[in-house]
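**Q**
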Amino acid sequence: MAPRNPTTRLLTTLGLGWLAFGGLGLGLRYAVQVPQVTVIIDQSYCPPVQWKISVLQPYRDLYEKSQANQRKIAQVVVVTGIDQTTLAKTPAPDELSKPFGQAPSPETLTALQQQFEETVVLKCGP
Numbered sequence: 342m343a344p345r346n347p348t349t350r351l352l353t354t355l356g357l358g359w360l361a362f363g364g365l366g367l368g369l370r371y372a373v374q375v376p377q378v379t380v381i382i383d384q385s386y387c388p389p390v391q392w393k394i395s396v397l398q399p400y401r402d403l404y405e406k407s408q409a410n411q412r413k414i415a416q417v418v419v420v421t422g423i424d425q426t427t428l429a430k431t432p433a434p435d436e437l438s439k440p441f442g443q444a445p446s447p448e449t450l451t452a453l454q455q456q457f458e459e460t461v462v463l464k465c466g467p
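Start counting the sequence shown at 342; every next residue gets the next number (the working numbering).
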């Protein structure tokens with residue numbers, strides 16, 4: 342059997358190396374799951390400065406982690422004293438509505454938290 346051309350061997354080695362590298366990357370992407378969180382936002386009225394500090398900034402941090410694939414926002418649930426709404430898509434921080442209305446009862450928030458595995462509740466008050 343005659344020795345193969347060195348160029349062919351080099352290209353074969355590089356091709357197999359890139360193929361293995363790509364396969365490993367795809368395997369890790371689908372094997373390692375990013376933690377998911379449900380965000381519950383109490384949208385009852387509070388002063389704009391407090392809303393920005395207590396709700397918008399923590400949500401912005403979660404949203405940025407979600408965009409970087411460090412933590413996935415599974416869904417966003419907006420709660421007021423009147424009703425609760427699960428948003429169809431994950432909104433950008435600038436797309437969140439301004440606070441309004443009465444606060445939901447603590448029992449409502451507790452019941453919502455129990456519906457999901459991991460939750461983060463964002464609200465103005467304590």
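We treat Cβ as the ideally placed atom computed from N, Cα and C, and that holds for glycine.
1. Check Thr460 in the structure and name its three-state DSSP category.
2. If we count the other Cβ atoms within 10 Å of its Cβ and call it buried at 16 or more, is Trp392 buried or exposed?
3. Per DSSP, what are the beta-bridge partners of Gln425 in this structure?
4. Could you check where the alpha helix (DSSP H) with Gln391 kicks off and where it finishes?
5. Take Met342 and list the residues in its own chain whose beta-carbon comes closer than 6 Å to its own, dropping the five residues that flank it on each side.
6. Hey, quick one: how far does the alpha helix (DSSP H) through Thr354 stretch, first residue to last?
7. Based on Cα-Cα distance, which residue from Leu351, Thr421, Glu458 lies nearest to Asp383?
8. Contact defined as beta carbons within less than 8 Å: I believe Leu453 pairs with Ile381. What is the distance between those atoms, to the nearest angstrom?
9. In the DSSP assignment, find the unbroken beta strand (DSSP E) run with Gln398 in it and report its ends.
10. In the DSSP output, which residue or residues are listed as bridge partners for Asp383?
**A** Answer, in terms of the structure:
1. Numbered from 1 along the sequence shown, position 119 holds the residue referred to as residue 460. Residue state, collapsed to three classes: strand.
2. In the sequence shown, residue 392 corresponds to position 51, counting from 1. When all chains shown are included, Trp392 counts as buried.
3. Here residue 425 refers to the residue found at position 84 of the sequence shown. DSSP, once it has assigned bridges, lists Val420 as partnering Gln425.
4. Here residue 391 is taken as the residue at index 50 of the sequence shown, counted from 1. Taken as a continuous stretch (DSSP letters only), the alpha helix (DSSP H) holding Gln391 covers 389 to 392.
5. Position 1 of the sequence shown holds residue 342. Since pLDDT at Met342 reaches only 48, below the 50 mark, its modelled position is unreliable, and the value read off the structure follows with that caveat. Closer than 6 Å at the Cβ level, and outside the excluded window around Met342, lies no residue.
6. Working through the sequence shown from its first residue, we reach residue 354 at position 13. Its alpha helix (DSSP H) spans residues 347 to 372.
7. As a working mapping, residue 383 is identified with position 42 in the sequence shown. Out of Leu351, Thr421, Glu458, Thr421 has the C-alpha closest to the C-alpha of Asp383.
8. Looking up residue 453 in the sequence shown gives position 112. Looking up residue 381 in the sequence shown gives position 40. Indeed, because the Cβ distance is near 5 Å, the residues count as touching under 8 Å.
9. Taking the sequence shown and counting its residues from 1, the one referred to as residue 398 is at position 57. Counting along the chain, Gln398 falls outside any beta strand (DSSP E), though it belongs to the alpha helix (DSSP H) covering 398 to 408.
10. Sequence index remark: in the sequence shown, residue 383 carries index 42 (1-based). According to DSSP, which records beta bridges pairwise, Asp383 is partnered with Val420.
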